[in-house]
Amino acid sequence: MQKILQYCDGIPVIFKRVSVGILVLGISGCNGLHMTPGVGRPWAFNVNPPPGPPEYQQGWTDGCESAFSGYGSQFTKAFHSLRKDGALIDNPVYQRVWRDAYDYCRAYMKATQLHGYGNYNSWYE
Numbered sequence: 092m093q094k095i096l097q098y099c100d101g102i103p104v105i106f107k108r109v110s111v112g113i114l115v116l117g118i119s120g121c122n123g124l125h126m127t128p129g130v131g132r133p134w135a136f137n138v139n140p141p142p143g144p145p146e147y148q149q150g151w152t153d154g155c156e157s158a159f160s161g162y163g164s165q166f167t168k169a170f171h172s173l174r175k176d177g178a179l180i181d182n183p184v185y186q187r188v189w190r191d192a193y194d195y196c197r198a199y200m201k202a203t204q205l206h207g208y209g210n211y212n213s214w215y216e
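See below:
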């Protein structure tokens with residue numbers, strides 16, 4: 092058997108090559124994620140706000156953050172909280188976008204908890 096397998100530091104070379112190949116494939120699988128991952132955030136979900144004025148951007152971020160705090164797992168809830176800016180409470184753009192983002196992120200969180208990431212057929216069950 093030793094004549095067939097080449098050894099390097101007591102380990103067959105083929106095992107080292109396979110290990111490196113698995114590692115490279117695993118790391119390359121993380122390429123192409125839509126958001127900068129953060130603790131307690133779903134990795135495959137794009138929570139970056141769409142382009143718009145500052146109150147639009149903040150409304151989106153606050154609404155999504157609030158949905159994560161209300162509908163996420165216990166792990167997710169540990170890193171998110173209900174956010175609503177009191178200074179923008181009378182701003183119609185902020186209020187509308189906050190609600191839209193809240194509904195969007197809530198539906199995503201419910202779907203991922205019911206069926207795992209990637210199955211979007213039951214968002215509104």
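Throughout the sequence shown, residue numbering follows my numbering, covering 92 to 216 in sequence. Cβ coordinates follow ideal geometry from the N, Cα and C atoms, glycine included. As the structure is a prediction and not an experimental result, all values here were calculated from the model.
Under the 8 Å Cβ criterion, the segment 171-180 does not count as touching the segment 138-145, having fewer than three qualifying pairs. Positions of the alpha helix (DSSP H) runs, each at least 4 residues long and wholly inside the segment 138-183, are given as 145-162, 165-168 in order along the chain. Cβ contact annotation for S157 (same chain, cutoff 6 Å, sequence separation greater than five): L173, R174, Y193, in chain order. Excluding the 5 residues flanking it on each side, Q148 has same chain C-beta neighbours closer than 7 Å at P140, in chain order.
Non-local beta-carbon contacts of V184 in its own chain, meaning distances under 6 Å to residues more than five positions away in sequence, involve E146, Y147 in chain order. In this structure, G150 lies near V188, with their beta-carbon atoms less than 8 Å apart.
Our two residues, K168 and Y195, have alpha carbons roughly 17 Å apart in a direct line.
G154 sits close to D191, with the two beta carbons spaced by under 8 Å. In this structure F159 touches M200 by the C-beta definition: roughly 6 Å separates them, less than 8 Å.
Burial check for V138: the Cβ neighbour count within 10 Å reaches 16 or more, so the residue is buried.
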